[in-house]
Amino acid sequence: MHDKQDESVGRLIEEFLTARATRKPSPHTQEAYRRDLRAVAALAGTQCTPPLPPDELTISALSPRVMRAAFARFAAPRAAASVHRAWSSWNGFFSFLVAEQVVAGNPMPAVGRPRTPLPQPKPLRGEDTPEVLLASVSREDARQRDPWPERDVAVLALALCAGLRLAELLALRVSSLSGRAGERRVAVAGKGGRPRVVPVEPELDEVVSAYLDSRRRRFGARSVRPDGVLLVDRRGDPLRRGGLQYLVDSCYRRAGITDRVPAGARLHALRHTFATRLAEDGAGAAEIMRLLGHASLASSQTYIEVTAGQQRAAVRSNRTNRVLAGLVSEGRPG
1 MHDKQDESVG
11 RLIEEFLTAR
21 ATRKPSPHTQ
31 EAYRRDLRAV
41 AALAGTQCTP
51 PLPPDELTIS
61 ALSPRVMRAA
71 FARFAAPRAA
81 ASVHRAWSSW
91 NGFFSFLVAE
101 QVVAGNPMPA
111 VGRPRTPLPQ
121 PKPLRGEDTP
131 EVLLASVSRE
141 DARQRDPWPE
151 RDVAVLALAL
161 CAGLRLAELL
171 ALRVSSLSGR
181 AGERRVAVAG
191 KGGRPRVVPV
201 EPELDEVVSA
211 YLDSRRRRFG
221 ARSVRPDGVL
231 LVDRRGDPLR
241 RGGLQYLVDS
251 CYRRAGITDR
261 VPAGARLHAL
271 RHTFATRLAE
281 DGAGAAEIMR
291 LLGHASLASS
301 QTYIEVTAGQ
311 QRAAVRSNRT
321 NRVLAGLVSE
331 GRPG
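See below:
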């Protein structure tokens, strides 16, 4: 063992996060890890006499019994998904410590964790909602202080027609789109650092080209250098997380479809719409998995299952079924 068993949990958490930084996680993900690790460590420290904060608690104090008690207190006021995420954070932390020979084993298998169902897709509601949204946003709105419909349509189209996540959109460069006409594609830096390539159909390619042309007119040719970010705000600066979320929300409001956006989905509703329509048009779970950059086939399978449910509901609404029910009841002996 290395002589780190007397090091503080707080310091080792920071070492773990530094090691994880090589995977290029988003700042949001990195902060979630830190928050989960320190919250449970603080609860573990309360079992010491006197209680110790994470920066004074030694790693040798985190026995399976202590971790079970800390997680029991952590879980009490929280949803199962939050507890599951924290368990995964700590499992990764201890696996790192075992690999670094700081501790002899990982106590997390002895700590119970809740089973959480896979999150259900939340696509935009309404058969024609994506078309209504794009058509509305493509028109200049006189109420806007500085309308830029080309940029707004490009953002929506990349999510609706390529299924990109918020962080993936922000990470795009101008050079992320490449290939010959008819074979265009976008290179995506996916979740967990997993790269993928998504085909770009000519219609989406034209939308992005129109946006870049409008950007040249606004800010000059130098604004669209290959190494520059693809999506910018109205000042020409890179779009940031809050700005992109606000942009999408404002597009929903302008199109009058806020009541068709599932609660909590926001931009992710566009990605879910992309996947749901793939499933409706016959794509298999493996294809959806590759296009969305899922780590698990089970995540992609949920779109197939939801679509199957929608198909059954459509069949159930067929009025002929009600006629059949009447025939069966008439034919039964009294």
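FYI, in UniProt numbering the residues of the sequence shown are 1 to 334.
Even for Gly, the Cβ is constructed at its ideal location relative to N, Cα and C.
Assumed close pair residue i, residue j - CB separation to whole angstroms, cut-off 8 Å
i           : j    : result
V198        : V188 : 6 Å
C251        : L170 : Contact flag wrong, Cβ pair sits at about 17 Å.
L37         : I13  : 5 Å
L212        : V229 : Actually they are not in contact, since the Cβ atoms of L212 and V229 sit about 12 Å apart, beyond 8 Å.
A86         : F74  : 6 Å
residue 387 : R290 : The chain is shown only over 1 to 334; residue 387 falls outside these bounds and no answer can be derived.
Short Cβ contact (9 Å threshold) for residue i with residue j
i    : j    : result
S136 : R254 : yes
R266 : T129 : no
P238 : S175 : no
L172 : R185 : no
A167 : K191 : yes
L97  : P262 : no
R35  : A80  : no
F93  : V83  : no
G284 : R194 : no
S89  : A21  : no
R68  : V103 : no
G179 : P202 : no
P50  : A275 : no
I288 : V132 : no
H28  : R241 : yes
Secondary structure of residue i, DSSP reduced to three states
i    : result
R271 : helix
L172 : coil
V261 : coil
L177 : strand
V111 : coil
P25  : coil
R125 : coil
S8   : strand
P238 : strand
Y303 : Bear in mind that a pLDDT of 49 at Y303, under 50, signals an unreliable position, so the model cannot answer this.
A308 : Its pLDDT being 48, under 50, A308 is placed unreliably by the model, and the measurement read from it follows with that caveat. Three-state DSSP puts A308 in a helix.
M1   : Residue placement at M1 cannot be trusted, given a pLDDT of 46 that sits under 50; what the coordinates show is reported in the next sentence. Three-state DSSP puts M1 in coil, outside helix and strand.
The beta strand (DSSP E) enclosing residue i, as first and last residue numbers
i    : result
V188 : R185 to A189
V103 : Looking at the DSSP string, V103 is not in any beta strand (DSSP E), and its letter there is neither H nor E.
P54  : Looking at the DSSP string, P54 is not in any beta strand (DSSP E), and its letter there is neither H nor E.
R196 : P195 to P199
The alpha helix (DSSP H) enclosing residue i, as first and last residue numbers
i    : result
P202 : P202 to F219
R68  : P64 to A75
D152 : P149 to A162
A285 : A285 to L292
Cβ contact (3+ pairs, closer than 8 Å) linking the region 162-175 and the region 267-278
yes
Count the C-beta pairs between the region 141-154 and the region 221-237 that are closer than 8 Å, then say yes if the count reaches three, no if not.
yes
For the 8 Å Cβ check, are there 3 or more pairs between the region 51-59 and the region 33-42?
yes
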